[in-house]
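So in the working numbering, spot 32 of the sequence shown is number 1088, and the numbers just go up one at a time.
Heads up, the thing below is written out as structure tokens.
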Amino acid sequence: MTTRIIGTGRSVPSRKVTNDDLAKIMDTSDEWIYTRTGIHNRHLVETETTTDMAADAAKQAMEKAGVGSEEIELIIVGTVSGDMCYPSTACLVQERIGAVNAVAYDISAGCSGFLFALNAAHAYISSGVYKCALVLGAETLSKMMDWSDRSTCVLFGDGAGAAVVKADATGIKAITQHSDGAGGGVLTCENRASNNPYVKNEITLPYTKMAGQDVFKFAVKMVPRCIQDVVEKAGMSVEDVDYFLLHQANKRIIESVSKRLNVPIEKFPTNIEHYGNTSAASIPILLDELNSAGTFKKGDVIVMSGFGAGLTWGATLLEW
Ligand code: ACO
């Protein structure tokens, strides 16, 4: 028994912000951002929250799957930007959708969050613990940006994506996941500093700090390797794969992975131009766009690959 995706959904804030909009408030340009990243627009929250977008995406995924809220046994949200430290975003979503029979928790794996959530659900489902799960990636990274750091803030956008998965004979064929805590310093956002009657620290609002070129080098080295690995585990070759759905961090990273794998770029759909890097939400948003457009046929082989803070990275190969 394996895990099959039977419904998907996505939600982004209504406020679209173009590169030209950003150029009005900081020293940047559409030309600089687009040529280095492939991003034209991103959506940023005004009234929406991480939970709002996650619940919206979840409802769409359940409707497309034809699954009622009481059927869901497990909710896992990949996020680093929930509305609350606790309860988890997953528990907040559980309440919104009325999934009273589910156990719910979050996974913190940066931009690999959705993939790791999907793989965790797969572990439960393939071992017979649960039959039906809801997995999400949901982020409001805009609140964690230093908007005076133009080299980082222009890259990110807000959004959420969801998938309902169920036990089935067809679906996930192989997974691979990795972490390198020693390398994690290149992409960080601190939590609150220690503060109690015996230690006093200044209360500050920490922001995302990124060594962009180091993250770039990490991604172009490790992503092709883990894709090769997952394809071999499934007893296939990269030529057998119909679609590669990569975390949408930077179009140049995706182009480099396509070259290193010697696979045509046409097999790497992208939407980074419209949403920027939505971290854990990027893969499920792309998945839902393609699924809603009727792109996937039964039997198509899809590889998803996430990479990000931790460092964390991995890939999942499935048959649609
Ligand atoms: N607009 C205009 N100029 C800028 C901007 C901006 N938004 N940001 C930086 N610059 C300037 C810099 O000040 C610098 O100017 P200088 O040469 O006068 O000092 C120049 O542009 C080059 O800056 P670099 O940081 O060296 O630019 P680089 O070519 O490395 O591109 C980028 C930066 C786009 C972040 C690149 O390193 C990258 O794509 N890294 C990958 C990181 C990534 O994708 N992270 C996503 C999050 S992590 C994840 O999802 C896994």
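Glycine residues also receive a C-beta, built at the ideal position from the N, C-alpha and C atoms.
Check for me: the beta strand (DSSP E) holding residue i runs from which residue to which?
i: SER1361; result: 1357-1364
i: LEU1192; result: 1188-1195
i: THR1368; result: 1368-1375
i: VAL1133; result: 1130-1134
i: ASP1224; result: 1215-1224
i: THR1059; result: 1058-1067
i: ILE1231; result: 1228-1235
i: ILE1163; result: 1159-1163
i: ARG1098; result: 1097-1099
Does the distance from the CB of residue i to the CB of residue j come in under 8 Å?
i: CYS1402; j: THR1260; result: Residue 1402 lies beyond the range of the chain shown here (1057 to 1376); nothing can be said about it.
i: CYS1275; j: THR1064; result: Correcting the residue identity first, residue 1275 is Ala in this sequence and not Cys. No, Cβ-Cβ distance for ALA1275 and THR1064 is not below 8 Å.
i: LYS1323; j: PHE1352; result: no
i: THR1058; j: SER1182; result: yes
i: ILE1128; j: ALA1158; result: yes
i: LEU1078; j: THR1372; result: no
i: ALA1165; j: GLY1332; result: no
i: VAL1221; j: ALA1189; result: yes
i: ILE1061; j: ASN1075; result: no
i: VAL1279; j: SER1361; result: yes
i: ALA1146; j: ILE1131; result: yes
i: THR1093; j: LEU1211; result: yes
i: MET1201; j: SER1137; result: no
i: PHE1272; j: ILE1310; result: no
For residue i and residue j, which I take to be in contact (beta-carbon distance under 8 Å), what is that distance rounded to the nearest angstrom?
i: GLY1184; j: ILE1341; result: Not confirmed; about 31 Å, so no contact.
i: CYS1167; j: HIS1330; result: At roughly 17 Å, the Cβ-Cβ gap does not stay under 8 Å, so CYS1167 and HIS1330 are not in contact.
i: THR1135; j: SER1235; result: Wrong, their Cβ atoms sit about 17 Å apart, outside the cutoff.
i: THR1196; j: VAL1101; result: 5 Å
i: THR1334; j: GLY1215; result: 4 Å
i: ASP1139; j: THR1106; result: 5 Å
i: LYS1307; j: ILE1328; result: 6 Å
i: ALA1160; j: SER1125; result: Actually they are not in contact, since the Cβ atoms of ALA1160 and SER1125 sit about 12 Å apart, beyond 8 Å.
i: MET1109; j: ALA1177; result: Actually they do not touch by this definition, with Cβ atoms about 20 Å apart.
i: VAL1133; j: LEU1192; result: 5 Å
i: LYS1187; j: ALA1223; result: 5 Å
Considering Cα atoms alone, identify which of the options is closest to residue i.
i: GLU1345; options: LEU1078, ALA1113 and LYS1354; result: ALA1113
i: PRO1325; options: ILE1358, LYS1199 and SER1144; result: ILE1358
i: ALA1267; options: ILE1061, GLN1284 and VAL1242; result: VAL1242
i: ILE1339; options: MET1140, GLN1116, GLY1169 and GLU1288; result: GLY1169
i: ASP1298; options: MET1118, GLY1355 and SER1250; result: GLY1355
i: ARG1098; options: GLY1154, CYS1188, GLY1213 and ALA1110; result: GLY1213
i: GLN1082; options: ARG1206, MET1200 and GLY1239; result: Per the sequence presented here, residue 1082 reads as Met, with Gln not at that position. For the residues ARG1206, MET1200 and GLY1239, the minimum Cα distance to MET1082 belongs to ARG1206.
i: ALA1337; options: THR1093, ILE1163 and LEU1130; result: ILE1163
i: CYS1282; options: THR1232, ARG1316 and TYR1254; result: THR1232
i: GLN1116; options: PRO1280, ASN1347, ASN1257 and ALA1249; result: ASN1347
i: GLY1364; options: ALA1349, GLY1239 and ASP1296; result: GLY1239
i: ASN1175; options: VAL1286, GLU1119 and GLY1237; result: VAL1286
i: GLU1375; options: ASN1318, GLY1291 and ILE1310; result: GLY1291
i: ASN1318; options: GLU1295, ILE1095 and GLU1288; result: GLU1295
i: GLU1119; options: TRP1203, ALA1179, GLU1151 and ARG1066; result: ARG1066
i: ASN1247; options: GLN1284, LEU1343, ILE1321 and CYS1141; result: CYS1141
i: TRP1203; options: TYR1180, SER1293, PRO1253 and PRO1262; result: PRO1262
i: ILE1153; options: TYR1180, VAL1123 and ALA1179; result: VAL1123
i: GLY1370; options: SER1312, ALA1349, PRO1320 and GLN1284; result: GLN1284
Where does the unbroken alpha helix (DSSP H) through residue i begin, and where does it stop?
i: VAL1271; result: 1268-1289
i: LEU1302; result: Careful: LEU1302 lies outside any alpha helix (DSSP H), inside the beta strand (DSSP E) at 1299-1302.
i: SER1182; result: 1169-1182
i: ASN1075; result: 1075-1079
i: LYS1120; result: 1106-1121
i: THR1208; result: 1206-1209
i: ASP1344; result: 1338-1348
i: ASP1086; result: 1086-1093
i: TYR1331; result: 1328-1331
i: THR1145; result: 1145-1153
i: VAL1313; result: 1307-1317
For chain D, check one thing: does any of its Cβ atoms lie closer than 8 Å to the Cβ of residue i?
i: LYS1315; result: Among the chains of the structure shown, chain D does not appear; only one protein chain is present.
**Item:** Inter-stretch contact (C-beta, 8 Å, three-pair minimum) for the stretch 1068-1075 and the stretch 1228-1241
**Value:** Not touching, per the Cβ criterion.
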